[in-house]
Amino acid sequence: MLVNRSIQKISAIRRLLTEFPAAKRTNMTTQTRLRSSGIEFKSGALKPKPEENRIAPLLVICAVLPGLFIGAQISKSVANFLEENDLFVPDDDKYLPKMDLISPTTIE
């Protein structure tokens, strides 16, 4: 019984695919996509342009900057904690140039 139903469904799908050529199928999916995307009403009329919020960039800046500053403070305090407890101490000698090689007499 279950096999008969699945065979019936497959044959119904095949009939639908053969009744509608590929051009009609793509046209139907395009129309459905436009309607479901919120561009037009069901009647086919275009929806009005949405209102623009002029202070949106300011709101984004107000949301992002506090997060950056809070993150910087947290990372700074964690780095200080690690240095105080000798869990991680950066070696500054690797990154600074050696000053004893440079003398004022060599520069002329």
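In terms of the working numbering, the sequence shown opens at residue 45 and continues consecutively.
Ideal placement from N, C-alpha and C gives every residue a C-beta, glycine not left out.
These numbers were taken from a predicted model, which means no experiment stands behind them.
message: Tell me which residue opens and which closes the alpha helix (DSSP H) that residue 121 is part of.
response: 100 to 128
task: To the nearest angstrom, report how far apart residue 58 and residue 48 are at their CA atoms.
output: 15 Å
task: Check residue 84 in the structure and name its three-state DSSP category.
output: strand
- prompt: Taking the C-alpha atoms as reference points, what is the distance between residue 97 and residue 122?
  reply: 39 Å
- request: Check the DSSP bridge columns for residue 61 and list the partner residues they point to.
  value: The partner list for residue 61 (beta bridge, DSSP) is empty, contrary to what the question assumes.
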